[in-house]
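These notes concern the structure reproduced below.
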Ligand code: HEM
Ligand code: HEM
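In our numbering, the protein residues as written are 6 to 207.
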């Protein structure tokens, strides 16, 4: 039986909106951390950047149900069995191909999204004891705002760790497994490995 296209041809992996979401989020995170640490007049931009991140997160939540096949939560949130199979593939240095997130990476994505959400939501209630107050500061007590500000400052350190791990994992896939995950997050396409003879036969 004739195949319509060779199976090793690049196929769509990440849709355009998901890629725009990713790189805009990464840029705004850098902007938020920089403006938050520098403070002063930049706090106005810090808040705008935080609102934009909240907007992006709302989009990502909706896209997890309405987006392309690899963007959907149902496609990449897998049970412990699938995660364990992937860990065994890693330990045994067995190649494996995932068009979207691998089962381990899928949970890391959720963790990162939740940590970013926590950061932005605590920011809404935060204050800097000088001139900046989140827009929801007025609705809670000063004590609670101070506590949430403390969590805002603590969680950013967790975010440094998660993003560091994220970039380290991507470097690991490239260096140890020869899988370039960054290219597909830019141009949107992945090339599946050549099929073995058994699968290839009609
Ligand atoms: C503040 C910085 C960053 C944040 C918050 C971040 C966050 C995320 C999130 C949430 C996803 C999941 C995408 C989705 O399904 O919604 C993701 C995926 C991805 N990110 Fe990042 N990212 C950051 C920086 C970077 C950088 C610097 C790189 C390049 C080295 C990178 C490369 C990737 C790749 C390749 C994927 C897809 C992973 C896969 O194939 O499963 N990210 N990132
Ligand atoms: C995910 C987005 C955000 C990130 C990554 C972020 C990060 C940061 C960082 C790094 C600081 C400095 C902490 C320190 O001095 O140790 C900070 C402070 C602050 N952020 Fe955010 N932030 C985000 C969202 C927001 C939002 C949406 C608001 C309010 C609209 C906000 C309000 C504040 C305030 C008021 C402070 C000053 C706290 C103080 O100096 O005591 N942040 N943020």
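Even for Gly, the Cβ is constructed at its ideal location relative to N, Cα and C.
Since we're looking at a predicted model, the values are computed, not measured.
Legend entry - Rounded straight-line distance, which links the Cα of residue 100 to that of residue 51: Taking the first residue of the chain shown as position 1, residue 51 is located at position 46. Taking the first residue of the chain shown as position 1, residue 100 is located at position 95. Taking the straight line joining both Cα atoms gives about 42 Å.
Inset, instruction - Starting from the C-beta of residue 211, find all residues in its chain whose C-beta is less than 6 Å away, skip the five residues before and the five after it, and write them out in chain order. - result: Past the edges of the chain, shown from 6 to 207, lies residue 211, and the structure says nothing about it.
Inset, instruction - May I ask you to list the residues that DSSP assigns as paired with residue 194? - result: Taking the first residue of the chain shown as position 1, residue 194 is located at position 189. DSSP lists 17 as partners of residue 194.
Inset, instruction - Identify the continuous alpha helix (DSSP H) that holds residue 85 and give its terminal residues. - result: Indexing the chain shown from 1 puts residue 85 at position 80. Unbroken alpha helix (DSSP H) run through residue 85: 85-96.
Legend entry - Complete runs of the alpha helix (DSSP H) confined to the segment 167-193 [at least 4 residues]: 187-192
Inset, instruction - Figure out for me which residue from 58, 67, 166, 105 has the closest Cα to the Cα of residue 190. - result: Locating residue 190 in the chain shown gives position 185, counting from the first residue. The shortest Cα separation from residue 190 among 58, 67, 166, 105 belongs to 105.
Inset, instruction - Would you kindly work out how many angstroms separate the C-alpha atoms of residue 78 and residue 86, rounded to a whole number? - result: For the purposes of this step, residue 78 is identified with residue 73 of the chain shown, where counting begins at 1. For the purposes of this step, residue 86 is identified with residue 81 of the chain shown, where counting begins at 1. About 17 Å.
Inset, instruction - Note down the Cα distance separating residue 57 from residue 141, rounded to an integer number of angstroms. - result: Position 52 of the chain shown, counted from the first residue, corresponds to residue 57. Position 136 of the chain shown, counted from the first residue, corresponds to residue 141. Their backbone Cα atoms lie some 16 Å apart in a straight line.
Legend entry - Three-state secondary structure (DSSP) of residue 107: For the purposes of this step, residue 107 is taken as residue 102 along the chain shown, with counting starting at 1. In the structure shown, residue 107 sits in coil (DSSP, three-state: anything other than H, G, I, E or B).
Inset, instruction - Quick one: residues with CB closer than 7 Å to any heavy atom of ligand 1, in chain order, please. - result: 23, 26, 27, 30, 31, 34, 35, 65, 76, 105, 106, 107, 110, 114, 117, 118, 121, 168, 171, 172, 175, 186, 187, 189, 190
Inset, instruction - With a threshold of 7 Å, establish whether the CB of residue 192 neighbours any heavy atom of ligand 2. - result: Taking the first residue of the chain shown as position 1, residue 192 is located at position 187. Incorrect: residue 192 has no Cβ contact closer than 7 Å to ligand 2.
Inset, instruction - Determine contact between the segment 91-98 and the segment 156-169, defined as no fewer than three beta-carbon pairs at a distance below 8 Å. - result: no
Inset, instruction - State the beta-bridge partners of residue 138 as determined by DSSP. - result: In the chain shown, the residue the question calls residue 138 occupies position 133. Answer by DSSP bridge pairing, in chain order: 132.
Legend entry - CB contact below 8 Å: residue 69 versus chain B: Within the model displayed, chain B is absent; a lone protein chain is all it includes.
Inset, instruction - Pick out the complete alpha helix (DSSP H) segments inside the segment 25-71, 4 residues or longer, and give them in chain order. - result: 48-71
Legend entry - Coil, strand or helix - residue 118 by DSSP: If you number the chain shown from 1, residue 118 lands on position 113. The answer is helix: DSSP assigns residue 118 an H, G or I state.
Inset, instruction - For residue 163, name the three-state secondary structure that DSSP assigns. - result: Here residue 163 refers to the residue found at position 158 of the chain shown. Residue 163: helix per DSSP, three-state reduction.
Legend entry - residue 210, enclosing alpha helix (DSSP H) - first and last residue: The question about residue 210 has no answer here: the residues shown for the chain are numbered 6 through 207.
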